[in-house]
Amino acid sequence: MDFSKNKQLEYIDKIIEVCFICLVFILPVAHTMTIRSIFIYLPAILWVYKMILKKEVLFIRNQMTLPLIIFSVIAALSLLTAVNPGYALRELQGEMITDFLLFFLLLNNVRNMKQVNRIILSLLFGSLVQGIYSVFTYFSQNGNWLESLLDYNIKAWGLTAGYISYSVFLITIIPFIFYKIMTSAGQKRFMFILLLLLNLFMLYLTHQRGALVALFVQVFIFFWFVKRRMAYLVIGIAALAIFIMPSNLLYHGTDVVDLKTEETVNYENTINSRIALWKFTVREIAGHPFSGIGFGRHSFSAKYNQFRGTDLWHSLNTFLNITIQLGIQGLLAFIFILYRLTKTYVSGLKESRGEAYYFFLASLMCIAGFFIRNMFDDHYVDDNGQMFWVLTGLALAVFIQIKKLAYNRTSFLSKKEGQTEQGI
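If you use my numbering, the sequence shown corresponds to residues 1192 to 1615, in order.
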């Protein structure tokens, strides 16, 4: 076997790509931590070995390094005021560092659209497996299929850790099914349309209202950039859906929304419980705006004992959780990250056509849907958070490595002269 330097580099690149392909398939599956770790840390080791072989630092300059460093420093400083510094440190290591490592791995080791599409196909094939499994498990819980469709106590969760995680996974990957539909033709396009319908049906079966809100926003963004007049129709359909939706599915309890509620124990429905919890969290943030309680969702119940062992053990909102954990400065740093990412995708849309255009559109839909979904809970953690950063790394690789686009620090709201709407 040839073990020359060039051959070793070739083998390394192939192994890293295989790890990425396997990772996106296995990442949403519950209780696969050991297998995931292999597919995360093996590419990291090989990336370092590749640098040693080439005797150069293989790190692409990019617009996200500064925001990520700022956020990391603020998160580390929160250890000084953390309720449980040991727990917060473990969360920083297991969550934030792993997320950012995945981002840099994908960014620095994906070099062409063929690799991107192989990774995306593996992800979508995984969603097909999850969907088929969910159909059988969901309808096996109730002999009456029609009745089970309207019973929000029965939920689909695929092979993930739960129905909320599954809804976040679906919101994350659905935009990339749109991408494959728009860049495929003939029988392949038809197959991706069927996959989209399956995943939309699964999203409904999770009975997560926040996920449906996120989906409508994603569909609106899609048509805004593809066929703008259809975007306004989406707004009408959303309004009609709220009007005709059965009250038990809309409220998950008594059909009363009380904006003045303070009740976090004997609440009438889960909408009211969130309102009360969010109001409590905002008051606590106002009391110590720059002093966080420490990174990690469990810091909330460690600080506020009344929520320990309840369904309200954290703030049920990513942005509120980040703020109460890290302080206002943590929220501002996180918004800076999201601003840079959004600006990158919009810039990519302005500069690209064809396949790359639809990939940046899918990435924009993904980030919007992901964080809108997580405004009604906080699953920017574990496999969902890691999947988000895998796809973010792919998008930045397309922007910098593949399309060689330059990040412009001027406002992304201004259109370039001659820019036209992209048609179907």
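Even glycine gets a Cβ: it sits at the ideal position worked out from N, Cα and C.
Note that this is a predicted model, so its numbers are computed, not measured.
- Between the alpha carbons of F1498 and S1263 lies a gap of roughly 28 Å.
- Where F1551 is concerned, the enclosing alpha helix (DSSP H) starts and stops at G1545 to R1564.
- Contact check for I1528 against L1259 passes: the beta carbons are separated by less than 9 Å.
- Going by DSSP, H1489 is part of the alpha helix (DSSP H) stretching over H1489 to K1494.
- A contact between stretches requires three or more CB pairs, one per stretch, nearer than 8 Å, and the segment 1484-1501 fails this requirement with the segment 1543-1554.
- Secondary structure note for G1353: it is in no alpha helix (DSSP H), with a DSSP letter that is neither H nor E.
- For T1535, the enclosing alpha helix (DSSP H) begins and ends at I1519 to E1542.
- Per DSSP, the unbroken alpha helix (DSSP H) holding K1198 starts and ends at K1196 to I1217.
- In this structure the segment 1281-1299 lies against the segment 1576-1584, because at least three pairs of beta carbons, one per stretch, are closer than 8 Å.
- Minimum Cα-Cα distance from K1196 among the listed residues A1235, T1535 and L1244 corresponds to L1244.
- When C-alpha distances from L1396 are compared across F1411, Y1324 and R1252, the shortest belongs to Y1324.
- Taking 9 Å as the cut-off, the Cβ atoms of M1393 and G1322 count as close.
- Residue range M1224 to K1245 is occupied by the alpha helix (DSSP H) that includes M1224.
- Residue state for T1583 is assigned as helix, using DSSP reduced to three classes.
- Here L1385 is exposed. Its C-beta has fewer than 16 other C-beta atoms within 10 Å.
- Our two residues, G1500 and H1489, have alpha carbons roughly 11 Å apart in a direct line.
- Annotation: the continuous alpha helix (DSSP H) that includes V1417 extends over R1400 to V1417.
- Per DSSP, reduced to three states, the secondary structure at Y1598 is coil, with no helix or strand assignment.
- A straight-line Cα-Cα distance of about 13 Å links F1327 and L1389.
- Of all alpha-carbon atoms in V1417, F1416 and F1407, the one lying nearest the alpha-carbon of G1427 is that of F1407.
- Secondary structure note for D1290: its alpha helix (DSSP H) is the uninterrupted segment T1289 to N1300.
- P1276: member of the alpha helix (DSSP H) spanning P1276 to E1282, first to last residue.
- Classified as exposed, W1336 has fewer than 16 neighbouring CB atoms from the shown chains inside 10 Å of its CB.
- Counted as a single uninterrupted DSSP element, the alpha helix (DSSP H) harbouring N1390 occupies residues G1377 to L1396.
- For P1480, no alpha helix (DSSP H) run applies, since DSSP gives it neither H nor E.
- Within its own chain, the residues whose Cβ lies closer than 7 Å to the Cβ of K1241, once the five positions on either side in sequence are excluded, are L1200, I1203 and L1249, listed in chain order.
- Rounded to whole angstroms, the Cβ separation of I1355 and D1502 is 11 Å, and the two are not in contact under 8 Å.
- Here Q1577 carries a helix assignment [DSSP, helix/strand/coil].
- In this structure, the alpha-carbon of M1255 lies about 27 Å from that of S1358.
- Under the three-state reduction of DSSP output, N1508 falls in the coil class, being neither helix nor strand.
- Under the 8 Å Cβ criterion, the segment 1370-1381 does not count as touching the segment 1582-1593, having fewer than three qualifying pairs.
- Contact annotation: Y1530 and G1539 have beta-carbon atoms that are not nearer than 9 Å.
- Assignment of T1452 by DSSP, reduced to helix, strand and coil, places it in the coil class.
- If you check the CB distance, I1563 and N1303 do not come in under 9 Å.
- Put simply, the backbone Cα of I1591 is about 16 Å away from that of L1293.
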